[in-house]
Amino acid sequence: MDSPQPAQAGEKIIIAAVGENGVIGRDGNLPWDVAADRRLFRRLTLAHTVIMGRHTFASLGGPLDERLNLVVSRSLDSRPGITVCRGFSAALAQAEGAGRGIFFIGGAEIYRRALAVADRMILSRIPGKFSGDTFFPPFSSSDWRLVSEQDQGDFILQVYLAIRQPKS
Ligand SMILES: NC(=O)c1ccc[n+]([C@@H]2O[C@H](COP(=O)([O-])OP(=O)(O)OC[C@H]3O[C@@H](n4cnc5c(N)ncnc54)[C@H](OP(=O)(O)O)[C@@H]3O)[C@@H](O)[C@H]2O)c1
């Protein structure tokens, strides 16, 4: 099965798993257990920078290994394995200085901010309508072009590229 292109240094990529009804989370965790998607996430993000919100960090149970972990939070303090950034822009600036690929890994507010700056978006579409409390933000087909869609067995893998509107 083809895999998405590896991240380039400085490339900004949204990566998310999304149910048919837009759900991404429930009670602080994922509403599904899809091992193949977890493997894909690990393979793509390894050795790069990951930017996440505080709840997402809490759901992981610790820093992601072999990645630069940036956690956006006004309340948390940095600790071994993570750097806390007080806002989205501060996290992005820090990531850009690191010279690796930059993955936005959730949750909802991080994705919402990332939609305005990311170059690429990798979505695992998980079949089924899930109950949940956290949703992927809406985005427009005038801003994002679907460039590939593959059946991976347990999910559909979609890759989108950002369409940059000329600034007037
Ligand atoms: N399906 C997927 O691919 C996927 C991916 C990631 C997460 N999830 C799920 O989504 C849920 C967690 O997402 P969530 O949306 O509830 O929370 P989240 O974005 O992970 O964390 C929210 C917290 O991050 C901080 N934060 C976010 N944006 C900020 C900003 N611009 N400036 C400063 N701080 C900011 C705040 O922390 P402070 O309160 O400390 O200031 C905020 O309370 C879980 O259920 C998780 O499992 C799913």
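With full-length UniProt numbering applied, the sequence shown covers 1 to 168.
We put the CB at the ideal spot given by N, CA and C, even for glycine.
Measure the alpha-carbon distance for residue i versus residue j and round it to whole angstroms.
i: Gln-8; j: Gly-101; result: 5 Å
i: Ser-148; j: Thr-49; result: 24 Å
i: Glu-109; j: His-55; result: 11 Å
i: Asp-133; j: Gly-97; result: 34 Å
i: Arg-145; j: Pro-137; result: 16 Å
i: Asn-69; j: Thr-45; result: 11 Å
Would you say the beta carbon of residue i comes nearer than 7 Å to a heavy atom of ligand 1?
i: Ser-78; result: no
i: Leu-115; result: no
i: Gly-53; result: yes
i: Phe-155; result: no
i: Arg-74; result: yes
For the alpha helix (DSSP H) holding residue i, just list the boundary residues, first then last.
i: Gly-25; result: No alpha helix (DSSP H) holds Gly-25; the beta strand (DSSP E) holding it covers 23 to 25.
i: Ser-47; result: Looking at the sequence provided, one finds Ala at residue 47 rather than Ser. That residue, Ala-47, is in no alpha helix (DSSP H); it is neither H nor E in DSSP.
Please identify the residue among the options whose C-alpha is closest to the C-alpha of residue i.
i: Tyr-160; options: Ile-13, Asp-2, Asp-27; result: Ile-13
i: Ser-142; options: Ile-163, Phe-130, Phe-135; result: Ile-163
i: Gly-28; options: Gly-61, Gly-19, Leu-92, Arg-125; result: Gly-61
i: Phe-88; options: Glu-66, Arg-74, Ser-78; result: Arg-74
i: Ala-47; options: Leu-40, Glu-66, Asp-119, Ala-58; result: Glu-66
i: Asp-33; options: Ser-140, Gln-5, Phe-130; result: Phe-130
i: Gln-165; options: Phe-135, Pro-127, Val-117; result: Val-117
i: Gly-19; options: Ile-105, Gly-99, Phe-135, Arg-42; result: Phe-135
i: Phe-104; options: Ile-126, Arg-86, Val-72; result: Val-72
Just to confirm the assignment, what range does the beta strand (DSSP E) spanning residue i have?
i: Ala-9; result: Neither: Ala-9 is in no beta strand (DSSP E) and is coded neither H nor E.
i: Leu-68; result: 68 to 72
Every unbroken alpha helix (DSSP H) within the segment 85 to 150, with a cutoff of 4 residues, ordered by chain:
88 to 98, 108 to 114
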